[in-house]
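Heads up, the sequence shown is in the numbering used here, so the first residue is 6 and it goes up one at a time.
Yeah, the Cβ is synthetic: ideal placement off N, Cα and C, and Gly gets one too.
See below for the structure under consideration.
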Amino acid sequence: MSGPTVPRSAVDPLAGWMPARAEGLLATFSVGGVLHAADVHVARRLGQLGGETREDVLLAAALAVRAVRHGSVRFSLDDVAASVVAEDAGAEGSVIAELPWPQPDSWLELLRTSPLVREHGGLSPGGDAAGSDNAGGTAGAGPHPVTVANTDVRPLQLWGRDVWLERYWRIEAAVADDLLRRSSAPPAVDEDRLSAVLFELWPVPTSGPDPDEDQRTAAGTALRCPVSILGGGPGTGKTTTVARILVALQAMTAGIGAPSVALAAPTGKAAARLQEAIGAAAKDEALPAEGRHLLAGMSTSTVHRLIGAYRSSGRSRYHAENPLPHDVVVVDEASMLALGLFHRLLAALRPSTRLLLVGDPEQLTSVEAGAVLADLSAVHPTSSFAPGVSRLRLNRRSGDQPELTALATGLRTGDVDAVLRVIAGGGQALSWYEVADDQALPAPVETVLRAQLLGVDRDLLAAGRAGDAEAAIGALERHRLLCAHRRGPRGVRYWTAQARRWLSEVEGGLPYAYDERYAGQPLLVTENDYENQLWNGDTGVVLARGDDLVAAFGRGSTPFELPIGRVGHATPLHAMTVHRSQGSEFDEVTVLLPSAASALATRELLYTAVTRARRRVTLIGSSAAVRACVARPAQRATGLRRRLEA
């Protein structure tokens, strides 16, 4: 027996929705700060389509939608009450704990009998896990499912005591299946030749410690494994290692044709920075001439562009039936790789293509659902899927400061006391201004922030009016104010407006020349512009060119300029979110911490923020906020690691 036929968008939480009035349990959890109107709307719609009226089941549907909005793929019946953070950062955790959460055991029994739910039991990560509508577990249990395009689809998937939306169940299972297949067919490697190449590219010193041992070992791992991960914090030489891995691969295949290599990153900004780093490596005289030539001829792209993911069609140009022609694909800044995009990338790779993911697993993950790099990095080495995981730990950055190294180490290990000791001790590279969460910045702290922002903005004005692109880009990279939130008294919007007010006051006004632009104005690109080669997250400065204005953007050693009229989606840049700062580095950063109650107060956010600085960090916030950040790793509930270890 089947239910009514409805479009798949009805069970897709990312489809358009209209606000709906919440009732009963959904209303209680909305008022309590747990659910958003979108969660309620989707849950009620699913209940209508499937003939489900029981409030506990509809709450589970709403929480599954909420989980995806917050970057997770699933939620657990057992710990959801303790792990949920309020939508409103000001809501108290005690209020959430006192909500009428269903008892997990009785909740589980209700879900097992719901027409909205398919239960999977004793699941292995094989074809069943890929989400076949007619396979697995107790698929036939319960009343008739919702029908989508004449195919039975249960919009909620239950595995053990965890709940997924059907779409993300299928995506995650398909990713696990693909990775397991790839890991079962490692490439053939001539070990003697590999050893010779590695020691040629990373010679062992005649005396003293071997500073290149970690890079040499990581390269060997990447060249032996069909799927490998190269992790490490800023300044550990990840891109240098990648460049030499590619040179080593060329040497390994000498005489049989150079392998086809694709270099990509999740965002345009990260792809551009990867291009700059590979270009710099191509000038390394320590590399053989043929290796430098190989690197000099390489280009980078976004992952979207690599696979031809066109929004208008909703389909990628490259997929399983039309795979990419490359032998090796390298993805940089892979911590930002969302599960859905990773699924599409894997589908576009040939079975024999080697995949190398590069990034820092400790950083913030994608704003979309999933935590691909962190999940794969944590897979137990004895599991069926054993990726080649390497971690570079030696910080090679010449400007590194011991306080910043100690701070980053404390954050990685989650040592609250060590982090508080480091920031309280201060030093040449670290300052902390303690301000209570509910307190406006005191005058002395605001004075410090005003001096930092005006120092950069006035230098930008001088360089912009003089048309000096290099000086302007240099000033822009000198300091950055990082905020956890976009809105609120410690958000990007507030401090962007405040910085502009301060600048206008000291300059006696700002002469806007074109569409509220002025020479010396810093810019942040907010959407990819393929025609003009501008990428979401790019930063630049408006320059005067006679009576005209142009925008200059950093592109390696030579700034890239465009007439201001061709720069479409860009906002004034005086502050930015920590998320947007990923992949960037600045001489100094000032971090406005979120409140301790904020959902964004996580270890990954603080780690990402402070590791953007080459020389100095200023922290503004409460000790409670610092404790909350360090003690609270980002709650990305996924099932990928579990599937790979099953």
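Anyone know if the C-beta pair for residue i and residue j falls short of 8 angstroms?
i	j	result
residue 289	residue 278	no
residue 478	residue 546	yes
residue 610	residue 446	no
residue 419	residue 236	no
residue 43	residue 169	no
residue 569	residue 556	yes
residue 100	residue 56	no
residue 531	residue 574	yes
residue 71	residue 643	no
residue 228	residue 254	yes
residue 541	residue 567	no
residue 634	residue 616	no
residue 652	residue 554	The chain is shown from 6 up to 651; residue 652 falls before or after that span and cannot be answered.
residue 581	residue 529	yes
residue 248	residue 286	yes
residue 232	residue 270	no
residue 620	residue 406	yes
residue 598	residue 490	no
residue 299	residue 336	no
residue 88	residue 433	no
residue 408	residue 435	yes
residue 268	residue 283	yes
residue 67	residue 31	yes
residue 691	residue 362	For residue 691 there is no data in the structure shown, the boundaries of the chain being 6 and 651.
residue 331	residue 358	yes
Please return the same chain residues whose Cβ sits closer than 8 angstroms to the Cβ of residue i, not counting the five positions on each side in sequence.
i	result
residue 186	356
residue 195	257
residue 511	459, 463
residue 457	484, 486, 593, 595, 623
residue 647	none
residue 632	421, 425, 601
Could you compute how far the alpha carbon of residue i sits from the alpha carbon of residue j?
i	j	result
residue 399	residue 416	17 angstroms
residue 314	residue 321	4 angstroms
residue 354	residue 192	15 angstroms
residue 600	residue 102	19 angstroms
residue 86	residue 326	44 angstroms
residue 61	residue 105	10 angstroms
residue 41	residue 82	19 angstroms
residue 334	residue 366	19 angstroms
residue 488	residue 295	45 angstroms
residue 1	residue 190	The structure shown does not extend to residue 1, since the chain spans only 6 to 651, so no value can be given for it.
residue 493	residue 76	22 angstroms
residue 374	residue 393	24 angstroms
residue 205	residue 303	22 angstroms
residue 275	residue 455	30 angstroms
residue 525	residue 59	59 angstroms
residue 349	residue 590	29 angstroms
residue 118	residue 339	40 angstroms
Is the closest heavy atom of the ligand FAD to the C-beta of residue i under 7 angstroms?
i	result
residue 52	Judged by which ligands are present, the structure shown has none, so any question about the ligand FAD falls away.
Among residues of its own chain, excluding the 5 on either side of residue i, which ones have a beta-carbon nearer than 7 angstroms to its beta-carbon?
i	result
residue 198	257
residue 225	199, 203
residue 509	515
residue 413	238, 612, 615, 616
Please return the same chain residues whose Cβ sits closer than 6 angstroms to the Cβ of residue i, not counting the five positions on each side in sequence.
i	result
residue 163	116, 122, 124
residue 441	627
residue 411	427
Could you confirm whether any beta carbon from chain C is found closer than 8 angstroms to the beta carbon of residue i?
i	result
residue 33	Any reference to chain C falls outside this structure, which holds one protein chain only.
- prompt: Which runs of the alpha helix (DSSP H) spanning at least 4 residues fall entirely within the segment 412-472, listed in chain order?
  reply: 421-430, 448-471
message: Just to confirm the assignment: which complete beta strand (DSSP E) runs, minimum length 3, are found wholly within the segment 343-414?
response: 359-364, 393-397
field: Contact between the segment 219-227 and the segment 376-391 (3+ Cβ pairs under 8 angstroms)
entry: no
Beta strand (DSSP E) runs wholly inside the segment 184-254, at least 3 long, in chain order: 232-237
task: State whether the segment 45-54 contacts the segment 592-612, with contact taken as three or more CB pairs (one from each stretch) at a distance under 8 angstroms.
output: no
- prompt: Is the segment 205-220 close to the segment 342-353, with three or more CB pairs under 8 angstroms?
  reply: no
Contained alpha helix (DSSP H) runs [length at least 4] in the segment 571-618, N- to C-terminal order: 583-586, 608-615
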